[in-house]
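Report on the structure given below.
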Amino acid sequence: MRVVLDTNVVLSALVFGGGLPGRLRRAWQKRALWPLADTATVQELIRVLAYPKFRLSQADQSELLADYLPHTQTVAMPPQLPPVPECRDPYDLMFMRLAVAGRAQVLVSGDKDLLALAEPFKAQADCQILSVSAFFQMYPKF
Numbered sequence: 001m002r003v004v005l006d007t008n009v010v011l012s013a014l015v016f017g018g019g020l021p022g023r024l025r026r027a028w029q030k031r032a033l034w035p036l037a038d039t040a041t042v043q044e045l046i047r048v049l050a051y052p053k054f055r056l057s058q059a060d061q062s063e064l065l066a067d068y069l070p071h072t073q074t075v076a077m078p079p080q081l082p083p084v085p086e087c088r089d090p091y092d093l094m095f096m097r098l099a100v101a102g103r104a105q106v107l108v109s110g111d112k113d114l115l116a117l118a119e120p121f122k123a124q125a126d127c128q129i130l131s132v133s134a135f136f137q138m139y140p141k142f
């Protein structure tokens with residue numbers, strides 16, 4: 001299954017590792033699902049891992065990235081970015097565009113602005129936007 005994981009979901013899986021985000025981490029480690037990534041989403045993850053509130057050393061950040069990036073499938077974004085629904089937060093556009101360009105089946109997010117766009121995005125891109133808990137309710141095999 002091709003999925004896009006919002007930065008907050010990847011961060012929860014990598015830094016905190018328990019609960020449902022931890023299940024996602026184990027699923028990508030087993031190659032049961034393929035998280036999609038592009039330059040923008042990887043740069044965002046690197047930026048967020050460096051936040052002082054997480055108190056992660058450079059070595060810790062590198063180790064966490066090494067547990068995620070090799071399991072992702074890189075998507076080259078086309079010069080003409082795919083159309084997606086308008087959203088309040090411009091940072092959310094990169095995840096929807098990645099889902100469209102990478103032909104993801106699901107975009108998993110904890111972001112309320114993205115979750116609010118689930119219906120128009122499904123209608124436009126044939127891709128679901130689900131919370132982590134909704135993802136596991138819909139796809140319990142993971």
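Going letter by letter, the sequence shown gives residues 1 to 142 in full-length UniProt numbering. Backbone N, C-alpha and C fix where the C-beta goes; we use that ideal spot for every residue, glycine too. Please read these numbers as outputs of a predicted model, since none were measured by experiment.
When C-alpha distances from glutamate 44 are compared across Phe121, Thr7, Phe135, the shortest belongs to Thr7. Beyond the five residues adjoining it in sequence on each side, alanine 50 comes within less than 7 Å, by CB distance, of Gln61 in the same chain, given in chain order. In the displayed model, valine 84 falls within coil according to three-state DSSP, outside both helix and strand. Comparing alpha carbon positions, the residue from Tyr139, Glu86, Phe135 closest to glycine 110 is Phe135. Here DSSP, grouped into helix, strand and coil, assigns alanine 37 to strand.
Here the stretch 62-70 makes no contact with the stretch 106-124; the two share fewer than three CB pairs at distances below 8 Å.
By the C-beta criterion, the stretch 86-97 is judged not to be in contact with the stretch 10-17, since fewer than 3 inter-stretch pairs fall below 8 Å. Annotation for arginine 23: Phe136, Phe142 place their beta carbon closer than 7 Å to its own, counting only its chain and skipping 5 residues before and after. Pairing tryptophan 34 with glutamine 80 gives a Cβ-Cβ distance that is not under 8 Å. Under the three-state reduction of DSSP output, threonine 74 falls in the strand class. The closest CA to that of alanine 123, considering only Val100, Ser57, Pro52, Ala40, is found on Val100. A straight line joining the alpha-carbon of proline 78 with that of serine 131 spans about 27 Å.
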